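Q:
Residue numbers (our numbering): 500 to 662.
1) Jot down the residue ranges of each uninterrupted alpha helix (DSSP H) in the stretch 550 to 627, minimum 4 residues, whole runs only, in chain order.
2) Mind checking whether residue 569 and residue 611 have CB atoms under 8 angstroms apart?
3) Count Cβ pairs between the stretch 563 to 583 and the stretch 592 to 600 that sit closer than 8 angstroms; are there 3 or more?
4) Could you check where the beta strand (DSSP E) with residue 658 kicks off and where it finishes?
5) Contact defined as beta carbons within less than 8 angstroms: I believe residue 556 pairs with residue 626. What is the distance between those atoms, to the nearest angstrom?
6) Whose CA, out of 660, 588, 656 and 542, lies closest to the CA of residue 621?
7) Does the distance from the C-beta atom of residue 602 to that of residue 631 stay below 8 angstroms?
8) Pick out whichever of 642, 605, 643 and 641 has its Cα sitting closest to the Cα of residue 552.
9) On the premise that residue 545 lies in contact with residue 655, defined as a C-beta separation below 8 angstroms, what is that separation, rounded to the nearest angstrom?
10) Using 8 angstroms for Cβ pairs, my map puts residue 506 next to residue 609. What's the rounded Cβ distance?
11) Rounded to a whole number of angstroms, what is the C-alpha to C-alpha distance between residue 516 and residue 530?
12) Label residue 596 either buried or exposed according to how many other C-beta atoms from any shown protein chain fall within 10 Å of its C-beta, with 16 as the threshold for buried.
13) By DSSP's criteria, residue 631 is part of a beta bridge. Which residues make up the other side?
14) Comparing C-alpha positions only, which one of 550, 561, 579 and 533 sits nearest to residue 623?
15) Should residue 523 go down as buried or exposed, given a rule of 16 or more other Cβ atoms within 10 Å for buried?
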């Protein structure tokens with residue numbers, strides 16, 4: 500009998516299985532990397548949004564108290580009663596329009612966002628801003644920031660002093 504040269508079917512199948520496992524591992528790492536990049540984008544968007552809201556409050560410091568609002572419990576939209584760019588508005592109407600514009604932008608960039616603006620109990624010029632979004636993109640918002648659960652909600656917060 501002659502010595503056969505070349506690969507046997509078993510050797511080819513084993514090599515194919517090893518390559519397939521490597522490709523699957525690479526695909527999983529790629530998916531994880533894309534998810535982490537998206538989470539980074541969400542965190543950056545949230546921080547930018549909080550800074551934007553703080554600047555809106557500082558720019559209108561006389562009516563900062565009118566920005567106090569929370570939709571943490573239900574995630575409700577904010578509706579401006581009138582367009583302040585073409586109509587005269589009082590302080591509350593202007594603040595509501597600012598919040599509505601800000602939240603509309605937020606809804607286009609974060610999944611299921613909810614937020615609150617509260618006066619700090621220690622100082623009437625100190626406002627606590629909190630923003631929560633659905634990091635797992637389940638389509639359901641949350642009133643609390645729970646980073647321990649598998650379907651976690653991420654949050655950002657800051658305090659702003661307005662004089």
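Backbone N, C-alpha and C fix where the C-beta goes; we use that ideal spot for every residue, glycine too.
This one's a predicted model, so the numbers in the text were calculated from it and none came from an experiment.
A: A quick look at the data gives this:
1) 590 to 608
2) Counting from 1 along the chain shown, the entry for residue 569 is found at position 70. Counting from 1 along the chain shown, the entry for residue 611 is found at position 112. Result no, Cβ atoms of residue 569 and residue 611 do not sit closer than 8 angstroms.
3) yes
4) For the purposes of this step, residue 658 is identified with residue 159 of the chain shown, where counting begins at 1. Residues 652 to 660.
5) Translated into the one-based positions of the chain shown, residue 556 becomes position 57. Translated into the one-based positions of the chain shown, residue 626 becomes position 127. The pair is a contact, with the Cβ atoms about 6 angstroms apart (cut-off 8 angstroms).
6) Stepping through the chain shown from its first residue, residue 621 is reached at position 122. Among 660, 588, 656 and 542, the Cα nearest to that of residue 621 is on 660.
7) On the chain shown, position 103 is the one that residue 602 refers to. On the chain shown, position 132 is the one that residue 631 refers to. For residue 602 and residue 631, no; Cβs fall outside 8 angstroms.
8) Here the question's residue 552 lines up with position 53 in the chain shown. The residue with the shortest Cα to Cα distance from residue 552 is 605.
9) Numbered from its first residue, the chain shown carries residue 655 at position 156. Numbered from its first residue, the chain shown carries residue 545 at position 46. The Cβ separation is near 4 angstroms, so the contact holds.
10) One-based indexing of the chain shown puts residue 506 at position 7. One-based indexing of the chain shown puts residue 609 at position 110. Going by Cβ atoms, the distance from residue 506 to residue 609 rounds to 53 angstroms, so no, they are not a contact pair.
11) The residue you call residue 516 lines up with position 17 of the chain shown. The residue you call residue 530 lines up with position 31 of the chain shown. Roughly 21 angstroms between the two C-alpha positions.
12) Within the chain shown, residue 596 is the residue found at index 97, counting from 1. It counts as buried.
13) Counting from one through the chain shown, the residue named residue 631 turns up at place 132. Answer is 613 and 654, bridged to residue 631.
14) As a first step, residue 623 is located in the chain shown; it is residue number 124 there, counting from the start. The candidate whose alpha carbon is nearest that of residue 623 is 561.
15) For the purposes of this step, residue 523 is taken as the residue at position 24 of the chain shown. Residue 523 should be labelled exposed.
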